[in-house]
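First the structure, in the form of structure tokens, and then the observations on it.
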Amino acid sequence: MKKISWNQPKEKNEDFFSRVYDIARMIPYGRVTSYGAIARCIGSPQGARMVGWAMNQANSQRDFIPAHRVVNRTGMLSGKHHFGGPRVMQELLESEGIGIEDDRVVNFRSLFWDPCSELI
DNA sequence: CGTCTGACGCACG
DNA sequence: GCGTGCGCCAGAC
-18 MKKISWNQPK
-8 EKNEDFFSRV
2 YDIARMIPYG
12 RVTSYGAIAR
22 CIGSPQGARM
32 VGWAMNQANS
42 QRDFIPAHRV
52 VNRTGMLSGK
62 HHFGGPRVMQ
72 ELLESEGIGI
82 EDDRVVNFRS
92 LFWDPCSELI
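Residues -18 to 101, numbered by this note's numbering, are exactly what the first sequence covers, in order.
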């Protein structure tokens, strides 16, 4: 697969990615957030799918990106198949004390971390 | 260039 | 609360 295609003058895109990774790194240990929340926070309320796409590239980043702390709006582990194995994402979350039941974060409502609202 | 796909989210019933 | 349909935007064919 191709290394990176954003060497092109897609400045807007690069900025989008930077913001996504920036926020993803801020997610506190033991907390989770959603793709849509990140998208909305960076001014692209309809770019939730792009956030997921960015998470797919998170592996390529130098710094560690806690992509396992990002789930969809219902708290479901929709990206668990992108962690090398179907159970890796769940195990990562459980190692942080987050309960998973039926591929869903237990008590998601309480563990949810809003990048913009709860950011100080 | 037309179509399909997808780590999403919302409206509707 | 759950299933379905649709809009969204970038990539792959």
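In this text, a Cβ means the ideal position worked out from N, Cα and C, and glycines have one as well. This structure is a prediction, so every number in the text was calculated from the model and none was measured.
### Message
I'd like the span of the alpha helix (DSSP H) that includes Gln71, first residue to last.
### Response
Along the first sequence, read from residue 1 onward, the residue named residue 71 stands at position 90. 69 to 76 is the span of the alpha helix (DSSP H), which, as asked, contains Gln71.
#### Entry: Three-state class that DSSP yields for Val13 in the structure shown
Along the first sequence, one-based indexing puts residue 13 at 32. Of the three classes helix, strand and coil, the one that applies to Val13 here is strand, per DSSP.
### Message
Can you tell me where the alpha helix (DSSP H) holding Val32 begins and where it ends?
### Response
Start at 1 with the first residue of the first sequence, and residue 32 comes out as number 51. Element bounds for Val32: 29 to 37.
### Task
Specify the secondary structure class of Arg85 as computed by DSSP and reduced to three states.
Indexing the first sequence from 1 puts residue 85 at position 104. Arg85: strand per DSSP, three-state reduction.
### Message
Looking only at its chain, what residues have a beta carbon closer than 6 Å to the beta carbon of Ser25, apart from the 5 residues adjacent to it on each side?
### Response
In the first sequence, counting from the first residue as 1, residue 25 sits at position 44. The answer is none, since no qualifying residue turns up.
### Cα-Cα separation, Ser91 to Gly65
Here the question's residue 91 lines up with position 110 in the first sequence. Here the question's residue 65 lines up with position 84 in the first sequence. Cα to Cα, Ser91 sits roughly 28 Å from Gly65.
### Message
Taking its Cβ as the centre, do 16 or more other Cβ atoms sit within 10 Å of Gln27, making it buried, or is it exposed?
### Response
As a first step, residue 27 must be located in the first sequence, where it is residue number 46. It is exposed - the Cβ of Gln27 has fewer than 16 other Cβ atoms within 10 Å.
### Query
Leaving out five residues before and five after Pro47 in sequence, what residues of the same chain have Cβ atoms less than 6 Å from its Cβ?
The residue you call residue 47 lines up with position 66 of the first sequence. Hits under 6 Å: Ile8.
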